[in-house]
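> Residue numbers (this note's numbering): 4 to 201. A single structure is presented below for examination.
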């Protein structure tokens, strides 16, 4: 068993080692405050760095999603553009359908398939560009292939549609190809002969 004296001696030694003078305590307080201020400044710096990294990551995710959507949209547009060649073939088939009762069921079948194809294209956001004879030519929606002189239409207006154009959502996928009215001195009658292009 330890003596009471040896315990006190160790305790007394510890007390003697402690410097509790006001100057020492003030110095310790100032040192701790400086350490606290440095830690707080570092915490603020880390927080700002974390917020920047988080914002950059959010921007990266948004850009990646936008790029993925854009690429998917381009792939979709490319496929729709290829399907338009089928729609053009149906346009030609319907325009040149044979007349007669023996081909009526065939014509009805082709027209039914054409309607389904048009519904599919519309469900994907594809809309035909409206073209009517006499309407103004708009280079954003139309592509002029032929100048037709000697028409009853004013110069620069659309005479006929040569190939249907399409819009997908808010942009043009393929412009409508048209023949436009020419001025009196433009071209000859040979210029007016333009087969429908599909």
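For each residue, glycine too, the CB sits at the ideal point set by N, CA and C.
Where do the N-terminal and C-terminal ends of the alpha helix (DSSP H) with residue 148 fall, by residue?
Taken as a continuous stretch (DSSP letters only), residue 148 belongs to no alpha helix (DSSP H), being part of the beta strand (DSSP E) at 145 to 151.
> Thinking residue 94 and residue 167 are a contact (beta carbons under 8 Å), I'd like their distance in whole angstroms, please.
7 Å
> Could you spell out the range, first to last residue, of the alpha helix (DSSP H) harbouring residue 42?
Following the DSSP letters along the chain, one finds residue 42 inside the alpha helix (DSSP H) bounded by residues 25 to 98.
> Do residue 160 and residue 186 count as a contact pair if the criterion is CB distance below 8 Å?
no
> If I measure Cβ to Cβ from residue 164 and keep anything under 7 Å in the same chain, skipping five residues before and after, which residues do I get?
Contacts found: 134, 179 and 181.
> DSSP puts residue 160 in a beta bridge; with which residues?
Here residue 160 is bridged, per DSSP, to 139.
> Could you tell me which residues DSSP pairs with residue 166 in its beta bridges?
Paired residues: 180.
> I want to know whether the stretch 109 to 123 touches the stretch 138 to 157 - three or more CB-CB distances under 8 Å.
Segments in contact, no.
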